[in-house]
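*Asks:* The structure's right below; bear with me while I get my questions together.
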Amino acid sequence: MLDKVLDIFEEVTGTDEIREDLELDLFEAGLLDSLGIIEVLLKIEEVFGIKLQPTDLERKDMATVNNLVEFLENYNK
Numbered sequence: 001m002l003d004k005v006l007d008i009f010e011e012v013t014g015t016d017e018i019r020e021d022l023e024l025d026l027f028e029a030g031l032l033d034s035l036g037i038i039e040v041l042l043k044i045e046e047v048f049g050i051k052l053q054p055t056d057l058e059r060k061d062m063a064t065v066n067n068l069v070e071f072l073e074n075y076n077k
C-alpha cells in the first residue's frame, strides 16, 4: 500500500522528494492544496477502488504519506 500511496502523491505533486521523508507535511511544503486533495481522492478511487469524499478525511489524514497510508489501512474496519 505504501508504494501505491507514494506513486499517487508523486503523480499529484510532481516530485519524488516525498520518498525521502514520509512525515513531510505536504501542505506546509506547498506540495498539496485543495485541488491536489481532489486529485488524490480520484487516484485513490482509481487505484484502490475506495470512493472517498473530501469530508471523509481531515486535512491531517492527507498531510503526510504515513498519515494517508494509516487512514486507508483503517478505513472501513
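Here my numbering is used: position 72 in the sequence shown is 72, and no number is missing along the way.
Each residue gets a CB set at the ideal place from its N, CA and C atoms; glycine is no exception.
1) Does the contact criterion of 3 or more C-beta pairs under 8 Å hold for the segment 11-24 versus the segment 44-59?
2) Buried or exposed: Asn67, going by 16 or more other Cβ atoms within 10 Å of its Cβ?
3) Give the single residue among Asp3, Leu41 and Asp21 whose Cα lies nearest to the Cα of Asp61.
4) Can you tell which of Asn74, Phe9, Phe71 and Glu70 has the C-alpha that lies nearest to the C-alpha of Gly30?
5) Buried or exposed for Ile44, going by 16 or more other Cβ atoms inside 10 Å?
*Replies:* Concretely, from the data shown:
1) no
2) buried
3) Leu41
4) Phe9
5) buried
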